[in-house]
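*Asks:* Structure provided below as structure tokens; questions to follow.
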Amino acid sequence: QVQLVESGGGLVQPGGSLRLACVASGSSFSIYHMGWYRQAPGKQRELVASIASTRTTNYADSVKGRFTISRDIANNTVYLQMDSLKPEDTAVYYCNVFAYPGPRQYWGQGTQVTVSS
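With the numbering used here applied, the sequence shown closes on residue 120, and no number is skipped along the way.
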């Protein structure tokens with residue numbers, strides 16, 4: 004079993020920055036894929052960014068050039084640096100992890116990001 008704890012959400016003005024972090028903990032697991040999703044009110048959850056164990060990254064078109072995903076493999080942590088934030092980035096952001104044994108998929112509890120003046 005893997006537990007995910009997210010941090011770093013909050014209220015920021017348009018053009019500002021936030022950094023999200025997600026720490027995975029548990030026993031006897033091996034993560035091979037980590038990512039961030041978001042869900043705005045009335046919309047479906049969507050992929051924001053992901054990073055594989057090879058450090059290959061993938062971004063939604065809407066965040067390319069503004070968001071950067073990274074991971075600290077030794078500490079089972081994934082980060083999402085969000086710059087040049089826009090009001091349309093407002094959503095609950097969820098950490099997502101695929102891990103062995105299984106593999107199994109895990110979700111964090113979500114952290115609110117609000118971009119507003």
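For every residue, glycine included, the Cβ atom is placed at its ideal position computed from N, Cα and C. The structure presented is a predicted model; accordingly, all values stated were derived computationally and were not measured.
Which residues does DSSP pair with ALA43 in a beta bridge?
*Replies:* Counting from 1 along the sequence shown, the entry for residue 43 is found at position 40. Beta-bridge pairing links ALA43 to no other residue.
*Asks:* For ARG41 and VAL95, which I take to be in contact (beta-carbon distance under 8 Å), what is that distance rounded to the nearest angstrom?
*Replies:* Numbered from 1 along the sequence shown, position 38 holds the residue referred to as residue 41. Numbered from 1 along the sequence shown, position 92 holds the residue referred to as residue 95. Indeed they touch by this definition, with Cβ atoms about 7 Å apart.
*Asks:* Are the beta-carbon atoms of GLN4 and GLY29 separated by less than 8 Å?
*Replies:* Here the question's residue 4 lines up with position 1 in the sequence shown. Here the question's residue 29 lines up with position 26 in the sequence shown. Cβ distance < 8 Å, so GLN4 and GLY29 count as in contact.
*Asks:* My output table needs one value for ASP75: the three-state DSSP class, helix, strand or coil.
*Replies:* Numbered from its first residue, the sequence shown carries residue 75 at position 72. In this structure, ASP75 counts as strand in the three-state DSSP scheme.
*Asks:* Relative to the alpha-carbon of VAL118, which residue among ALA55, SER31, LYS67 and SER87 has its alpha-carbon at the smallest distance?
*Replies:* Mapped onto the sequence shown, residue 118 falls at position 115. When only C-alpha atoms are compared, the closest one is SER87.
*Asks:* Hey, how far is the Cα of VAL26 from the Cα of GLY18?
*Replies:* Here residue 26 refers to the residue found at position 23 when the sequence shown is read from its first residue. Here residue 18 refers to the residue found at position 15 when the sequence shown is read from its first residue. Computed Cα separation, rounded: 27 Å.
*Asks:* Taking 8 Å as the cut-off, decide whether the C-beta atoms of PHE70 and MET85 are in contact.
*Replies:* Residue mapping note: residue 70 aligns to position 67 of the sequence shown, counting from 1. Residue mapping note: residue 85 aligns to position 82 of the sequence shown, counting from 1. With respect to MET85, PHE70 sits close: the two C-beta atoms are nearer than 8 Å.
*Asks:* My assumption, with CB atoms under 8 Å, is that ASN31 sits in contact with ILE54. Please give the rounded CB distance.
*Replies:* As a working mapping, residue 31 is identified with position 28 in the sequence shown. As a working mapping, residue 54 is identified with position 51 in the sequence shown. Per the sequence shown, the amino acid found at residue 31 is Ser instead of Asn. Actually they are not in contact, since the Cβ atoms of SER31 and ILE54 sit about 22 Å apart, beyond 8 Å.
*Asks:* My parser needs the beta strand (DSSP E) runs of 3 or more residues fully inside the region 48-114; what are they?
*Replies:* 49-55, 60-62, 70-75, 80-85, 94-103 and 107-110
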